[in-house]
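Below is one structure; the comments refer to it alone.
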Amino acid sequence: RLKRQGRWARTYGEVAGQVLGKSGKPLVDTFIVLTQLGICSVYFSFFGDSFPSDDLFGAAHEIPYPYMAALAFPVVLLLIIPKQVRSLAVFSAASNVLICSSILWVLVESAKQ
Numbered sequence: 078r079l080k081r082q083g084r085w086a087r088t089y090g091e092v093a094g095q096v097l098g099k100s101g102k103p104l105v106d107t108f109i110v111l112t113q114l115g116i117c118s119v120y121f122s123f124f125g126d127s128f129p130s131d132d133l134f135g136a137a138h139e140i141p142y143p144y145m146a147a148l149a150f151p152v153v154l155l156l157i158i159p160k161q162v163r164s165l166a167v168f169s170a171a172s173n174v175l176i177c178s179s180i181l182w183v184l185v186e187s188a189k190q
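All residue numbers for the sequence shown refer to my numbering, where the first residue is 78 and numbers rise by one.
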């Protein structure tokens, strides 16, 4: 329908707005935000579990698990600001490297056990 009108949809919400009407865009956008929030929560939990504070800062500086999970939150919060997806390319590449290194760290540590 959008193509016939000569318009292009940039988001899933815009597509839902055309298909489902007025309530489609807010509904789909809300569910996308909730899904992303769930994914981020799992990532924060993974970060808090995978990087024990005694490994990072030494046994004398033990940081509780919730604080370790909260360390990643400000970085993700700052990524909400940009309007253009292209400007996030550097951050996306860095996060991919960090996620891969986290998985590698977990595999190496579990192999030692």
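Just so you know, even glycine gets a beta-carbon here, dropped at the ideal spot from N, CA and C.
Item, Value
"Endpoints, alpha helix (DSSP H) assigned at T100", "The sequence as given places Ser at residue 100; Thr does not occur at that position. Premise fails: S100 is in no alpha helix (DSSP H) and is neither H nor E."
"Pair within 8 angstroms by beta-carbon distance, K102 and G115", "no"
"Buried or exposed (CB count within 10 angstroms, at least 16 for buried), V105", "buried"
"Rounded straight-line distance, which links the Cα of E186 to that of V174", "18 angstroms"
"Limits of the unbroken alpha helix (DSSP H) element including L140", "Here residue 140 is Ile; the residue named in the question, Leu, does not match the sequence. Taken as a continuous stretch (DSSP letters only), I140 belongs to no alpha helix (DSSP H), as it is neither H nor E."
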